[in-house]
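In the working numbering, the protein residues as written are 380 to 462.
Reading through the structure tokens given below for one structure.
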Amino acid sequence: MVGLSFVGLVVAAAGCGASPKTVAQRRASVDFNCPDEQLRSEEISGGTVKVDGCGKSAVYTCLGGNFGNPYDARCTRESVPAQ
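The structure is reproduced here in structure tokens:
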């Protein structure tokens, strides 16, 4: 019984963190002053996410938030195109 409870706790913790794609989109919503529903995000490669919306685009490099990591990803904006 204790072993089964531990497995449930590990599985629950694995689902707690937000994915890099989700965190990058949240950051872009603030950076672009754009509602989340108007943003489109695409994972370019492991941990690199491109977000477009409201006439703006940016690339974010993210660490953490992967499967089995109970902590949110941390994303840094890498490119700021000329406006």
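Cβ atoms here follow ideal geometry from the backbone N, Cα and C, with glycine treated the same way.
Is DSSP giving V390 helix, strand or coil here? Position 11 of the sequence shown, counting from 1, holds the residue named residue 390. Because V390 carries a pLDDT of 42, less than 50, the predicted location of this residue cannot be relied on, and the following value inherits that uncertainty. Reduced to three states, the DSSP call for V390 is helix.
Can you give the beta carbon distance from E416 to Y439, rounded, assuming they're within the 8 angstroms contact cut? One-based indexing of the sequence shown puts residue 416 at position 37. One-based indexing of the sequence shown puts residue 439 at position 60. Going by Cβ atoms, the distance from E416 to Y439 rounds to 19 angstroms, so no, they are not a contact pair.
Is it the case that the CB of G434 approaches a heavy atom of the ligand ZN more closely than 7 angstroms? Ligands in the displayed structure: none, and consequently the ligand ZN is not present.
Is the shortest distance between the beta-carbon of P399 and the beta-carbons of chain C less than 8 angstroms? Of the protein chains in the structure, only one exists, and it is not chain C.
With distances taken Cα to Cα, identify the nearest neighbour of S424 among R453, D451 and P399. If you number the sequence shown from 1, residue 424 lands on position 45. Cα-wise, what sits closest to S424 is P399.
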